[in-house]
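So the structure is just underneath, and the comments pick up after that.
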Amino acid sequence: MSALITCSHVDFGYENQDAVTDLTMEVNEEDYLCIVGENGSGKSTLIKGLLGLLKPTGGTLTVGGELKKTGIGYLPQQTAAQRDFPATVYEVVISGCLSRRGNWPFYSRTEKMLAKANLERLGIADLRRRCYRELSGGQQQRVLIARALCATNRLLILDEPITGLDPWAIQDFYHLIRDLNRKEHVAILMVTHDMANVVEQANKILHLKQRVLFYGTTEEYKKSQAGRMFLGGEA
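And the structure:
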């Protein structure tokens, strides 16, 4: 099984100041990897690097061939302006196909079918004509996941995806992501502070504090010094 993303002693940073140093890890097919750490620990910088928005300042970053072609499905943290975006659900979802189009100005029949399939896959086909900003937070997250899946079926990167969701929507979100990972074999890479759910959902943990404090399985993390400290005695 070839890795989707491999980091070997990678550094990422800005203007001669590294925010992430000496990172060695990989994201494999079917992984559910959560990235945790305090504010300012380098999580956001790492995401930018994995998405190709930052070049490594050291080490080697290798992205699998298929991801180079289709890109990575990405759910950024939503701002208030994004939540108020005046487009239909269908328009938001099909915009995930933009990375596939090249210079062609119109969506193809294949792309339209893909958008329709992902609307049905996420259980939101009945919302396709609704305005995105009129939806609940949980419904908006489903729309954004459908959009991300139009880019790729291989890897989703989620940045603090439960921010602003109510408790029911949070549990619905985790159930949805778990099914995508376990039943449909989509690899998940999630940045989160939600430690209580992290240890129930993920199979791998990367704990950053500029350098790697821990990288391994969730069960190993619970027993590690970093895990015991960060979980606040929950382990």
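The sequence shown begins at 195 in the numbering used here and counts up by one. We treat Cβ as the ideally placed atom computed from N, Cα and C, and that holds for glycine. In this text the structure is predicted, and so the values were computed from the model without any measurement.
- Looking only at Q271, I351, D225, R372, the smallest Cα-Cα distance to Q334 is reached by Q271.
- Cα atoms of Q419 and P299: separation of roughly 53 Å, rounded to the nearest angstrom.
- Taking the CA atoms as reference points, V286 sits about 27 Å from D388.
- Each residue's CA atom was taken as its position, placing P361 and G331 some 11 Å apart.
- Here M384 is bridged, per DSSP, to C228, L352.
- For a cut-off of 8 Å, the C-beta gap from R324 to T282 is around 7 Å, short enough to register as a contact.
- Every beta strand (DSSP E) stretch that sits fully inside the segment 308-380 and reaches 3 residues is listed by chain position as 349-353.
- For Q271, there is no enclosing alpha helix (DSSP H), as DSSP gives it neither H nor E.
- In this structure, M219 lies away from L407, with their beta-carbon atoms at least 8 Å apart.
- Three or more beta-carbon pairs drawn from the segment 364-379 and the segment 334-353 are found closer than 8 Å, and the two stretches are therefore classed as touching.
- Of the residues assessed, L247 falls on the exposed side of the cut-off, its CB having fewer than 16 other CB atoms within 10 angstroms.
- Under the three-state reduction of DSSP output, T239 falls in the helix class.
- For K417 and H379, the gap between their C-alpha atoms comes out near 27 Å.
- By DSSP's assignment, G207 forms a beta bridge with D212.
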